[in-house]
Every structure is written in C-alpha cells, then in structure tokens.
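Have a look at the structure below before the remarks.
There are 2 protein chains.
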Amino acid sequence: MKRAAAKLAVQPGLRERNKLDKLERIKVAAAELFAEKGFDAATTREIAKAAGVGLGTLFLYAEDKRDIVFLIFNDELDRITDEAFASADPAAPLDVQLSAAFSVFYRAFSKNVPLARILLKELVFFSRGTQAQRFHEGRTRTINCITKLVEDALKSGKIRADEKPEFISRSIFYLYAGAVRWWIVAERPSPARGIADLKRVLALQLRGLQAAAEPAAKPRHKGARG
Amino acid sequence: MKRAAAKLAVQPGLRERNKLDKLERIKVAAAELFAEKGFDAATTREIAKAAGVGLGTLFLYAEDKRDIVFLIFNDELDRITDEAFASADPAAPLDVQLSAAFSVFYRAFSKNVPLARILLKELVFFSRGTQAQRFHEGRTRTINCITKLVEDALKSGKIRADEKPEFISRSIFYLYAGAVRWWIVAERPSPARGIADLKRVLALQLRGLQAAAEPAAKPRHKGARG
DNA sequence: CGGAAATGATGATCAGGTTCAGAAATCGGA
DNA sequence: TCCGATTTCTGAACCTGATCATCATTTCCG
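Top to bottom, those sequences are chains A and B.
Here the first sequence is numbered in this note's numbering, starting from 1 and rising by one per residue.
Here the second sequence is numbered in this note's numbering, starting from 1 and rising by one per residue.
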C-alpha cells in the first residue's frame, strides 16, 4: 500500500472496471426484481443469479439486503436533491420554493412506489449499512438546503419568526416527511395529489393558527417553561 | 358454528383461560428478553422457551416477530392514550393541551427506548400483523383526539384557521411524529428534552411564519390553488 | 516473463424466522 | 362417563439472509 497511492487513478484498471461492472449489474438486477416481486419476495439468491455474481459477492457491495435498496437509489437521490433545490426561484415565496423543491422528490418516488416505500421508511431511522449512511447524509443535505431557503426568507423579510433557521427547517422537514409518507402508503399515489396536500400543510405552517391580530404579543407566558 | 353463538361468553372456559395464560407468559418473556438482549439478538426460540410454549405457538399469538412488540405494547398504549387526552385541561391553550397529552407518550416511550424505537418506526407505515393493525387503530384514535382538541379550540376562538380540524390535526400529528422520532434516535433520550423540543415545534406551528401584521388577509392568493 | 502479494469472488454453511402436518387437549352431547 | 368433533399446540423441516474459509484474478516488481 505504501507508495502505491502515487499511482493515483491513472486509468480505471481491470479490477476497478470489473467492480463497476458488477455493481451496475447488481443494481439493475435488484431494481428489476424488487419492482417485479416486491422487496421481501425477491431473494438475495435470485438477485445474485440475475446479476451473474455469487451470493457472497452481493454482500461485498451492500452490507445487507435493505442496503441494496439504498445502493439503487443513492445516486439518483443525489441528483434529485441537486435538481430540487437548484430550481428554487429566489424571488418566490417560501412555500412556493419549498413545494417546488419537494415536488421533485414526489415525482421521483412515484416512478417506483414499492422501492420508495422501503426508502421512506428509513427517512428518520438509522441503519447500519454504508449505503444507508449515505442516504442519511442526503437527508441532512436536504435539511441544510431548506435551512438556506429559510435563512434567505428571513433576511429578505418574506417570513418572520423568533426561531433559528435550523429549527424552522427541521419543523418543515417533519411536515414534509409526514406528508410524503402519508401519500406513499396510498394504493396508487398520484404525485399531483401528494404535492397538493403538501402545499396545504406548508401553507398552514406559514399562516399559523393565531387566534386574531392582537395588538402585540403578551409579555409573558402563563407558567410552564420547560 | 351455527347456533353455537347462542352460548355467548357464559364463563371463561378452560380453553379461554389457557390462551390468556399463554398470551401473558409470552408477553412477559418477550418483553424481558427484548429489553435484556435487544430485538434482533433475542430469538424466537428463546422467547418460546422462556414463555414455556412451543415455537410454533408463538406464531399463533403474533403473526411475526415484530408483531410481538405490538403485542406487548398495545394494551399499554391504549391506556396511555386514554390518560393522555383525559388529562387535557379544557381551559388551557391548544399547545399546552397538546404538549401535556404528548408528554404522556414521551414518558412512556422513555421507559423502554429500544422497544419504543421499533414501535415508532411503524408510526406511519402499515404492517400485516393483527397486532400492528391494532397499533394503527390506536394511532387513528390519537389523531381523532387531536381533532377534538382542535375543534374545541376553533369553536372557543383559542385558534383561528381556514382549514378543517381533521387537516390541522394531521399536520400536528406529523410534527409530533417527526419530533418524537428525532428524539428517540438519540443516545439516551430524556423525556424532558424531548417534550421541550416538541413544545417549540408546536409553538412554531401556532405562531406561523407570517411576515408581518398586515392590515388583514389579502382577498386573493396569487395563483396556484391546487 | 515469473511469481508473490494483494485484492476480489464464491458458495457451502450457519442461524434464525416461519410454516404445517400431525399430536394433544378441550368441549359438547348422549 | 365416553366418544367424536373442534380447537389448540408443537417442533421438525424449510427458507432465506448473512458469513467466512478458500479459491481465482489482478497487480506489482525484479
């Protein structure tokens, strides 16, 4: 290993190319079988066979079966996240920006609902696999992008709040996560419906539930503080 | 089967009592083993042995291993839900009512964090098992209780909104679900911290993100409607 | 080129969840 | 009490995800 690094990545090298090739075959085979038979019914043996690799090889590329799902999706999710937040119109209201961004996710998920369900189950929980890690990094990136939008909206006066932008974006993420899950469990989730529902949810968060335009905020709350 | 129903549930009967007894033993054994070794490490064979039943018997009482977790928790969750919403002070502000109710859940979950994690994973997703069904009925009941609180708050003028109470309560549930999950994945989740965080989230939903105290609502939105 | 080191691939094997054919227990009527 | 019908119980057997000792390929270097 010592000075081997000096070689850099001059050329792909046979090993590297073989690995890439296997990885691709595994992704394709797994995606097909999962879509066709569902996550549980598709066995790792079938996937390995369809990919033309040994059973053990599968587990060199994914830590466990669930990790295969992330393996399939992670690249696309990275792209989607870029696309989602790149398209945000800086001049638009915050809820418009947000629903525009999230709608990219909705449309992507609707293309493969069964796999999206497995994916979305993990939106908050941590798994062990390397690929699952990457998935959660993607989630963090999404929340950071929301934070950016919130910061800008606060600065430009589009919204007003006493809370930190990080906190607000976390709340928004909760709403998105809840809405997208509610949507994905439906029989045949339509992106249009899902996005419309999310818009309502976000609008409610923006408007709040304030009783009336009272002169100002009362100076003190009535007690409980922690 | 025909007229057998006429007999009603006169007395427990030996069969019934035996079943109840087995069920109880299974619950106790499973709860202990899950708590001691964790969900994955505790095998169904161990649980069956500790409960003094055959391996197959386990799967008469729970459709699958995960279902055992719901088996253990469902009764308690029913009780907890009652307690949570019974304690709501009708005179208190909505967010106080809500965080009082939810804090009952937080405290219950904190008593057995590893099992609560399994439980909360399913807060939105549907599983097949009978016990999981019951769990989801409990979730529906919780949302209905929130709806009641929201309806009352709307009627009494404590809050104001154009949305239906059912929709508002769903949004609130999303916030709760997100917050409680965020909390439960922590190393050693403290109920106090979790509840405090939830309060912030709810307060933000109540206050909203309105830019300023504009004279009144503008008569029309600027376009997008669905 | 030759061969040794490093890396990658493989499937027999294991472990644990789940099933199911048959055994055991209970019930209900005579 | 006895007997057949019904319900409940059981663990051997099965299936599938995951591991790991072994083998195959590639790379490196003289």
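Note that CB positions come from ideal geometry on N, CA and C, so glycine has one too.
For A:V69, which of helix, strand or coil comes out of DSSP? Assignment of A:V69 by DSSP, reduced to helix, strand and coil, places it in the helix class.
B:S99 beta carbon less than 9 Å from that of A:G178: No, they are not a contact pair.
Alpha carbon to alpha carbon, how far is B:E137 from B:V53? Give it in angstroms, no decimals. Using only the alpha carbons, I get a separation of about 29 Å.
Run the CB neighbour count on A:R188, radius 10 Å, all protein chains shown included, and call it buried at 16 or more, exposed below. The residue is exposed, with fewer than 16 neighbouring Cβ atoms inside 10 Å.
Output the boundary residues of the alpha helix (DSSP H) element that contains A:G138. For A:G138, the enclosing alpha helix (DSSP H) starts and ends at T130 to K155.
Are there 16 or more other CB atoms within 10 angstroms of the CB of A:R181, so buried, or fewer, so exposed? Buried.
Exposed or buried, what is B:A29 when buried is set at 16 or more other beta-carbons lying within 10 Å of its beta-carbon? Label assigned to B:A29: buried.
Does the beta-carbon distance from B:L58 to B:I26 come in below 9 Å? Note that the C-beta distance between B:L58 and B:I26 is below 9 Å.
Cβ shell of B:P165 (< 7 Å), same chain only, five flanking positions each side left out: Closer than 7 Å at Cβ, skipping near neighbours: T147, V150, E151 and L154.
Measure how close the beta-carbons of A:R160 and B:Q210 come, nearest whole angstrom, since I'm counting them as under 8 Å. Here A:R160 really is in contact with B:Q210; their C-beta atoms are around 6 Å apart, less than 8 Å.
For B:K158 and chain A, any beta-carbon pair shorter than 9 Å? Interface residue, yes.
Counting only runs of 4+ residues fully inside the region 13-86 of chain A, write out the alpha helix (DSSP H) ranges in chain order. Listed in chain order, the complete alpha helix (DSSP H) runs (minimum 4 residues) inside the region 13-86 of chain A are 14-37, 44-51, 55-61 and 65-86.
Quick one: what's got a C-beta closer than 7 Å to A:L236's C-beta in the same chain, skipping five residues either side? Beyond the ends of chain A as shown, which are 1 and 226, falls residue 236 of chain A; an answer cannot be given.
Is it right to say A:L119 is buried, meaning 16 or more other beta carbons lie within 10 angstroms of its own, or is it exposed? A:L119 counts as buried, since no fewer than 16 other beta carbons sit within 10 angstroms of its beta carbon.
Hey, is the region 109-118 of chain B in contact with the region 183-201 of chain B, meaning 3+ C-beta pairs nearer than 8 Å? Contact between the region 109-118 of chain B and the region 183-201 of chain B is present, because at least three Cβ pairs lie under 8 Å.
Output yes if chain B places a C-beta closer than 9 Å to the C-beta of A:P219; else output no. Note that A:P219 scores 42 on pLDDT, short of 50, meaning its location in the model is unreliable and no value can be drawn from it.
Spatial neighbours of B:G194 in its chain, beta-carbon cut-off 6 Å, leaving aside the 5 residues before and after: Here the set comprises Y106 and W183.
Go ahead and pull the three-state DSSP assignment for A:L234. There is no way to answer for residue 234 of chain A, as the model of chain A reaches only from 1 to 226.
Simplified DSSP assignment, three categories, for B:R160: Of the three classes helix, strand and coil, the one that applies to B:R160 here is coil, per DSSP.
Kindly indicate which residue of A:D64, A:F102 and A:I143 has the alpha-carbon position closest to the one of A:F39. Ranking A:D64, A:F102 and A:I143 by Cα distance to A:F39 puts A:D64 first.
Best match in B:T44, B:S156, B:R79 and B:S127 for proximity to B:P90 [C-alpha to C-alpha]: The shortest C-alpha separation from B:P90 is found at B:S156.
Report the rounded CA-to-CA distance for A:A186 versus A:G13, giving the unit in angstroms. If you draw a straight line from the Cα of A:A186 to the Cα of A:G13, it comes to about 47 Å.
Contact with chain B by A:I185, beta-carbon distance below 9 Å: As written in the sequence, residue 185 of chain A is Val, which differs from the Ile given in the question. Closer than 9 Å to some Cβ of chain B, the Cβ of A:V185 qualifies, so yes.
Rounded to the nearest angstrom, what separates B:C145 and B:K37 at their Cα positions? B:C145 and B:K37: Cα-Cα distance of roughly 35 Å.
Would you mind stating whether A:A31 and A:L123 have Cβ atoms separated by less than 9 Å? Cβ distance not < 9 Å, so A:A31 and A:L123 don't count as in contact.
Contact belief for A:T81 with A:T142 at Cβ below 8 Å, rounded distance in angstroms: 6 Å between Cβ atoms; contact.
Status (buried if at least 16 other CB within 10 Å, exposed otherwise) for B:L20: Burial is judged here by how many other beta carbons sit within 10 angstroms of a residue's own beta carbon; B:L20 has fewer than 16 and is exposed.
Measure the alpha-carbon distance for B:R15 versus B:K22 and round it to whole angstroms. Just so you know, the alpha carbons of B:R15 and B:K22 end up roughly 11 Å apart.
Using CA atoms only, rank isn't needed, just tell me which of A:T140, A:F102, A:R134 and A:A92 is closest to A:L198. Closest in alpha carbon position to A:L198, among A:T140, A:F102, A:R134 and A:A92, is A:F102.
Unbroken alpha helix (DSSP H) runs of length 4 or more, entirely within the region 168-214 of chain A: which are they? If we require 4 residues or more, the alpha helix (DSSP H) runs fully inside the region 168-214 of chain A come out as 191-207.
With 16 other Cβ atoms within 10 Å as the buried cut-off, status of A:R66: Buried, because 16 or more other Cβ atoms sit within 10 Å of the Cβ of A:R66.
Return the chain-ordered list of same chain residues with a C-beta closer than 7 Å to the C-beta of B:A88, the five sequence neighbours on each side being excluded. The beta carbon of B:A88 lies closer than 7 Å to those of Q97, A100, A101 and L149 in the same chain, with the five residues before and after it left out.
Backbone secondary structure at B:D89 - three-state DSSP: B:D89: coil per DSSP, three-state reduction.
By Cβ distance, which residues of its chain are closer than 7 Å to A:R207, with the 5 residues on each side in sequence left out? By the criterion of a C-beta distance shorter than 7 Å, A:R207 is surrounded by no residue of its chain, once the five residues flanking it on both sides are discounted.
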